[in-house]
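Enquirer: Line by line, the protein sequences are chains L and B.
If you're matching positions, the first sequence starts at 1 in our numbering and goes up one per residue.
If you're matching positions, the second sequence starts at 226 in our numbering and goes up one per residue.
2 protein chains.
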Amino acid sequence: MDMNVSTSSAARKAGGPVPTAWLRIGDRLELPAAAMSFGRNEEIYGESEPADFVYQVVRGAVRTARYLEDGRRQVGAFFLPGDLFGCEAGPSHRFSAEAIDDCEILVVRRTALDKAASADAQAARQLWVLTSAHLEQLQDQLLLLGRMTASERVSAFLLDMAKRRSSADAVDLPMSRNDIADYLGLTIETVSRIFSQLKRAQAIALKGARNIVLRDREALAAIDA
Amino acid sequence: MDMNVSTSSAARKAGGPVPTAWLRIGDRLELPAAAMSFGRNEEIYGESEPADFVYQVVRGAVRTARYLEDGRRQVGAFFLPGDLFGCEAGPSHRFSAEAIDDCEILVVRRTALDKAASADAQAARQLWVLTSAHLEQLQDQLLLLGRMTASERVSAFLLDMAKRRSSADAVDLPMSRNDIADYLGLTIETVSRIFSQLKRAQAIALKGARNIVLRDREALAAIDA
DNA sequence: CGTTGCATTGAAATCCCTCAAGCGAGGTGG
DNA sequence: CCACCTCGCTTGAGGGATTTCAATGCAACG
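Right, dumping it as structure tokens:
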């Protein structure tokens with residue numbers, strides 16, 4: 001539960017970052033961005049910090065999370081290279097964002113995005129499409145958390161990660177069992193047990209805890225309801 | 226599980242609806258809309274129908290839902306008078322929408338909305354803000370489904386409904402225990418038991434199964450984690 | 001080679017679900 | 001007007017999936 005997340009945030013670090021790359025949204029929007037690096041478990045932004053920046057993963061992986069007072073945590077999403085995050089319509093973030101491993105992130109001021117969006121209706125639409133895509137992913141997650149069994153959740157997760165990460169059968173999971181558990185609404189032990197179960201059933205193979213090989217996608221898909 | 230949802234849909238009914246009212250989004254967007262009526266459990270649109278219309282509740286209540294092959298159901302949201310629904314960025318709906326009770330709905334063509342949005346950047350932004358608000362609600366639901374106990378879910382639900390419906394202490398729930406259960410990721414029996422529990426604890430009173438009086442909001446809020 | 005952090009495994013407990021019966025309000029027909 | 005039916009809700013008993021608690025394994029690293 002206590003992930004020991006370090007407390008430096010982008011906002012505090014962003015004293016004078018130098019524009020070094022272009023952040024691309026869809027194929028219409030392109031903005032000059034600052035590159036920043038974050039270490040494992042470092043906080044990129046906090047749960048109710050003002051949403052003054054928008055981010056894109058270049059290298060590494062990011063999770064968003066929300067905490068209850070007693071330490072329970074819900075991971076909202078995982079972001080992989082190319083993914084955008086932290087783009088909110090409201091004034092402040094509703095989840096915190098943390099680096100899962102060492103990663104490189106592009107950052108643009110939200111005002112820059114707003115300016116682009118109010119100048120160009122197509123750009124504004126792009127922003128809407130982006131938010132809508134996030135919404136659709138959350139809707140899938142809703143069904144998963146509300147109505148699926150532990151095996152179904154883990155199978156769905158593996159298939160999704162495989163699709164997003166490599167499309168090959170070998171998947172490198174950047175996140176810990178703890179992150180997976182808090183994403184799927186399970187405990188770390190249950191996730192581990194299901195992994196072992198899938199291994200025994202020859203549906204997957206494990207080369208190290210975080211290196212999964214999908215041996216039988218059909219079996220996984222069948223479990224995935 | 227089997228809600229016996231009737232299969233007529235807005236698209237099929239929308240042969241020649243007459244514009245009778247204005248559908249308002251935020252305070253900038255106002256579009257001429259057709260009024261339609263739906264009976265209890267009538268389908269407004271189906272799970273993968275083209276998203277050619279956008280809807281607003283005038284009277285009554287609407288739920289969105291998604292089904293698994295074996296009948297498991299996840300209710301995505303409840304929509305009350307004033308609420309907009311069915312507004313997607315993608316080409317088709319991802320949940321079905323069904324009338325909870327007899328209700329009156331305003332309908333506008335999506336192309337009309339698109340036109341307004343591409344003409345006016347402020348209107349486009351309004352659309353984004355709307356989608357973003359839905360997203361935020363789903364994020365709350367995520368934490369609820371992933372990490373909260375049955376009591377916490379029910380308490381949170383009651384407080385939310387009270388806030389949305391009357392802001393007074395008496396709440397008329399338009400939806401059945403079944404709808405509530407499928408919204409909260411629980412069974413109907415568990416929901417009923419928690420209601421009884423809250424009644425025994427003097428946190429609520431029941432004047433009929435769907436007429437709740439919040440006797441002790443603090444107690445509910447305390448349970449709500 | 002011990003330490004540290006993450007992952008796995010086992011046993012017991014728990015929360016919620018399943019199955020089953022009973023209850024009550026509303027509607028319908030006799 | 002009352003009996004009866006139906007549908008939704010409540011309540012109880014038992015069971016099961018997942019959690020909790022606890023111990024062990026294992027790989028990376030100093």
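Glycine included, every Cβ here is placed at the ideal spot set by N, Cα and C.
Could you round the C-beta distance between serine 132(L) and glutamate 313(B) to whole angstroms and report it? I think they count as a contact, below 8 angstroms.
Expert: With 8 angstroms as the limit, serine 132(L) and glutamate 313(B) qualify as a contact, their Cβ atoms being about 7 angstroms apart.
Enquirer: How is the alpha helix (DSSP H) around isoleucine 405(B) delimited, first residue to last?
Expert: Unbroken alpha helix (DSSP H) run through isoleucine 405(B): 402-409.
Enquirer: Please report whether the beta-carbon of glutamine 422(B) lies at a distance below 8 angstroms from any beta-carbon of chain L.
Expert: Chain L, which has no Cβ nearer than 8 angstroms to the Cβ of glutamine 422(B), makes this no.
Enquirer: Using CA coordinates, which residue listed in Trp22(L), Thr149(L) and Arg217(L) is at the minimum distance from alanine 34(L)?
Expert: Minimum Cα distance to alanine 34(L) is reached at Trp22(L).
Enquirer: DSSP state of leucine 398(B), grouped into three classes?
Expert: It is coil, neither helix nor strand.
Enquirer: For serine 155(L), count the other beta carbons within 10 Å of its own beta carbon; 16 or more makes it buried, fewer makes it exposed. Which is it?
Expert: With 16 or more Cβ atoms within 10 Å of its Cβ, serine 155(L) is classed as buried.
Enquirer: Kindly indicate which three-state DSSP category glutamine 427(B) falls into: helix, strand or coil?
Expert: Note: glutamine 427(B) maps to coil in three-state DSSP.
Enquirer: Taking only beta carbons into account, state which residues of the region 307-323 of chain B come closer than 8 angstroms to chain L, listed in chain order.
Expert: Those would be Glu313, Ala314, Gly315, Arg319 and Phe320, in chain order.
Enquirer: Helix or strand or just coil, what does DSSP make of arginine 440(B)?
Expert: In the structure shown, arginine 440(B) sits in coil (DSSP, three-state: anything other than H, G, I, E or B).
Enquirer: Cutting at 6 angstroms between CB atoms, please list the residues of its own chain near glycine 15(L), excluding the five before and the five after it.
Expert: Confidence at glycine 15(L) is low in this model, with a pLDDT of 48, below 50, so the placement of that residue should be treated as unreliable; the coordinate-derived value is given next. So no residue of the chain qualifies.
Enquirer: Using the beta-carbon of each residue, which ones in chain L are nearer than 9 angstroms to leucine 352(B)?
Expert: By Cβ distance, chain L contributes Ala124, Arg125 and Trp128.
Enquirer: From what residue to what residue does the beta strand (DSSP E) around leucine 106(L) run?
Expert: 103-109 is the extent of the beta strand (DSSP E) around leucine 106(L).
Enquirer: Counting only beta-carbon separations shorter than 8 angstroms, does leucine 68(L) have a partner in chain B?
Expert: By this cut-off, leucine 68(L) is an interface position.
Enquirer: Note down, in chain order, each residue of its chain lying with its Cβ closer than 8 angstroms to the Cβ of aspartate 227(B), except the 5 sequence neighbours on either side.
Expert: Interpretation of aspartate 227(B) is limited by its pLDDT of 46, a score under 50 that renders its predicted location unreliable; the figure taken from the coordinates is listed afterwards. Counting only Cβ-Cβ distances below 8 angstroms, and skipping sequence neighbours, we find Gly296.
Enquirer: Which ranges does the beta strand (DSSP E) cover as unbroken runs of at least 3 residues, wholly within the region 246-287 of chain B, from first to last along the chain?
Expert: For the region 246-287 of chain B, whole beta strand (DSSP E) runs of length 3 or above, ordered along the chain, are 254-263, 268-270 and 278-284.
Enquirer: Who are the near neighbours of aspartate 216(L) in its chain, counting only those whose CB is closer than 7 angstroms to its CB and skipping five residues on each side?
Expert: Excluding residues within five positions, the ones whose Cβ falls inside 7 angstroms are Gln202 and Ala203.
Enquirer: How would you write the range of the beta strand (DSSP E) that arginine 73(L) sits in, first residue to last?
Expert: It spans 73-79 - the beta strand (DSSP E) in which arginine 73(L) sits, taken as one unbroken run.
Enquirer: Applying a beta-carbon distance threshold of less than 7 angstroms, which residues of chain B neighbour glycine 76(L)?
Expert: By Cβ distance, chain B contributes Gln364 and Leu367.
Enquirer: Please report whether the beta-carbon of leucine 370(B) lies at a distance below 8 angstroms from any beta-carbon of chain L.
Expert: Closer than 8 angstroms: yes.
Enquirer: Considering only the beta carbon of each residue, do leucine 29(L) and glutamine 126(L) sit closer than 8 angstroms?
Expert: Contact flag set, yes.
Enquirer: Taking alanine 276(B) as the reference, give the member of Ser262(B), Val333(B) and Ala286(B) with the closest Cα.
Expert: Looking at the Cα atoms, Val333(B) is the closest of the given residues.
Enquirer: Rounded to whole angstroms, what's the CA-CA distance from leucine 214(L) to arginine 153(L)? Just pull it up for me.
Expert: Distance between the alpha carbons of leucine 214(L) and arginine 153(L) is about 16 angstroms.
Enquirer: Between which two residues does the alpha helix (DSSP H) containing alanine 387(B) stretch?
Expert: Here the alpha helix (DSSP H) through alanine 387(B) covers 375-390.
Enquirer: May I have the straight-line CA-CA distance separating arginine 94(L) from glutamate 361(B), to the nearest angstrom?
Expert: So the alpha carbons of these two residues sit roughly 8 angstroms apart.
Enquirer: Quick one: grab the DSSP three-state call for phenylalanine 95(L).
Expert: Coil.
Enquirer: Alanine 355(B): which of Arg418(B), Arg265(B), Met373(B) and Leu309(B) sits nearest, CA to CA?
Expert: Before going further, note that residue 355(B) is leucine rather than alanine in the sequence given. When only C-alpha atoms are compared, the closest one is Leu309(B).
Enquirer: Count the C-beta pairs between the region 288-303 of chain B and the region 337-351 of chain B that are closer than 8 angstroms, then say yes if the count reaches three, no if not.
Expert: With a cut-off of 8 angstroms, the region 337-351 of chain B and the region 288-303 of chain B do not count as touching, because too few Cβ pairs lie within range.
Enquirer: Pick helix, strand or coil for leucine 135(L), following the three-state DSSP scheme.
Expert: Three-state result, leucine 135(L): helix.
Enquirer: For glutamate 414(B), which residues in chain L fall below 8 angstroms Cβ to Cβ?
Expert: Residues of chain L passing the Cβ test: none, with the nearest at roughly 16 angstroms.
Enquirer: Is the shortest distance between the beta-carbon of alanine 450(B) and the beta-carbons of chain L less than 8 angstroms?
Expert: Yes, alanine 450(B) lies at the interface with chain L (some Cβ there is under 8 angstroms from its Cβ).
Enquirer: Spell out the partners DSSP gives glutamate 309(B) in its beta bridges.
Expert: Before going on, a small fix: residue 309(B) reads as leucine here, not glutamate. Looking at the DSSP assignment, leucine 309(B) forms a beta bridge with Gln281(B).
Enquirer: In chain order, what residues of the same chain lie with their CB nearer than 6 angstroms to the CB of arginine 165(L), ignoring the 5 residues before and after it?
Expert: Counting only Cβ-Cβ distances below 6 angstroms, and skipping sequence neighbours, we find Val171.
Enquirer: Indicate whether tyrosine 183(L) and isoleucine 105(L) have their beta-carbon atoms separated by less than 8 angstroms.
Expert: Contact: no.
Enquirer: Strictly under 8 angstroms for the Cβ-Cβ distance: is glutamate 272(B) near chain L by that measure?
Expert: Not one chain L Cβ lies under 8 angstroms of glutamate 272(B).
Enquirer: Using 8 angstroms as the threshold, is the C-beta distance between isoleucine 437(B) and leucine 398(B) below it?
Expert: Yes, Cβ-Cβ distance for isoleucine 437(B) and leucine 398(B) is below 8 angstroms.
Enquirer: From asparagine 266(B) to alanine 450(B), what does the alpha carbon distance come to, in whole angstroms?
Expert: Rounded to the nearest angstrom, the two C-alpha atoms are 33 angstroms apart.
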